[in-house]
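Student: Residue numbers (our numbering): 6 to 115.
Ideal Cβ positions, reconstructed from N, Cα and C, are used throughout, including at glycine.
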Amino acid sequence: MGNELDKRGSAEVLILAMLEARPRHGYELAQLIEQRSGGAVDFHAASLYPLLYRLERRGLLAARWVEKAGERRRRFYRLTAAGRKALASERQSWARYLDAMQALLRPERS
């Protein structure tokens with residue numbers, strides 16, 4: 006089992022969750038996911054940016070370019086109302102899935 010997240014649904018919900026608190030740019034998202042997962046999950050630009058664009062096309066994210074003096078231009082992403090609704094639904098689905106996995110992974114008692 007590798008540490009690169011390759012399941013699109015899993016990756017999408019992680020991105021939505023990391024954007025819940027505030028807008029972030031792609032590199033910051035990748036760093037935050039790796040940090041909060043203790044290094045268990047990492048994103049490469051080759052997989053992250055297509056996901057961000059897809060979520061934006063689906064109306065779950067909105068993006069805007071931000072320029073700061075002395076820094077290069079960055080594209081910041083934020084959740085839309087539809088993105089917040091999708092995140093809430095995904096959280097419920099994941100909670101049910103994790104509960105089921107915990108029940109299945111417990112040793113069976115005779």
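#1: Just tell me which of Leu34, Val71, Glu72 has its CA closest to the CA of Leu19.
#2: Leu92 and Leu21: beta carbons closer than 9 Å?
#3: Considering only the beta carbon of each residue, do Leu127 and Arg83 sit closer than 9 Å?
#4: Determine the burial state of Glu17: buried for a count of at least 16 other Cβ atoms within 10 Å of its Cβ, exposed for fewer.
#5: Looking at the secondary structure, which residues open and close the alpha helix (DSSP H) in which Arg101 lies?
#6: Where does Gly88 land, buried or exposed, given buried means 16+ other C-beta within 10 angstroms?
#7: In or out: Leu65 buried (at least 16 other Cβ within 10 Å) or exposed?
#8: Just curious, the alpha helix (DSSP H) that Ala50 is in, first and last residue?
#9: Have a look at Gln97 and Gly75 and give me their C-alpha separation to the nearest angstrom.
Tutor: In short, the structure shows the following:
#1: Start at 1 with the first residue of the sequence shown, and residue 19 comes out as number 14. Leu19 has its Cα closest to that of Leu34, out of Leu34, Val71, Glu72.
#2: Start at 1 with the first residue of the sequence shown, and residue 92 comes out as number 87. Start at 1 with the first residue of the sequence shown, and residue 21 comes out as number 16. In this structure, Leu21 lies closer than 9 Å to Leu92 by Cβ.
#3: A query on residue 127 cannot be resolved here, the shown segment of the chain reaching from 6 to 115 and no further.
#4: Looking up residue 17 in the sequence shown gives position 12. It counts as buried.
#5: By 1-based counting over the sequence shown, the position of residue 101 is 96. 86 to 110 is the extent of the alpha helix (DSSP H) around Arg101.
#6: For the purposes of this step, residue 88 is identified with residue 83 of the sequence shown, where counting begins at 1. Buried is the call here.
#7: Against the sequence shown, residue 65 aligns to sequence position 60. Buried, since its Cβ has 16 or more Cβ neighbours within 10 Å.
#8: Taking the sequence shown and counting its residues from 1, one reaches residue 50 at position 45. Per DSSP, Ala50 belongs to the alpha helix (DSSP H) from 50 to 62.
#9: The count along the sequence shown starts at 1 and reaches residue 97 at position 92. The count along the sequence shown starts at 1 and reaches residue 75 at position 70. Going from the Cα of Gln97 to the Cα of Gly75 covers about 43 Å.
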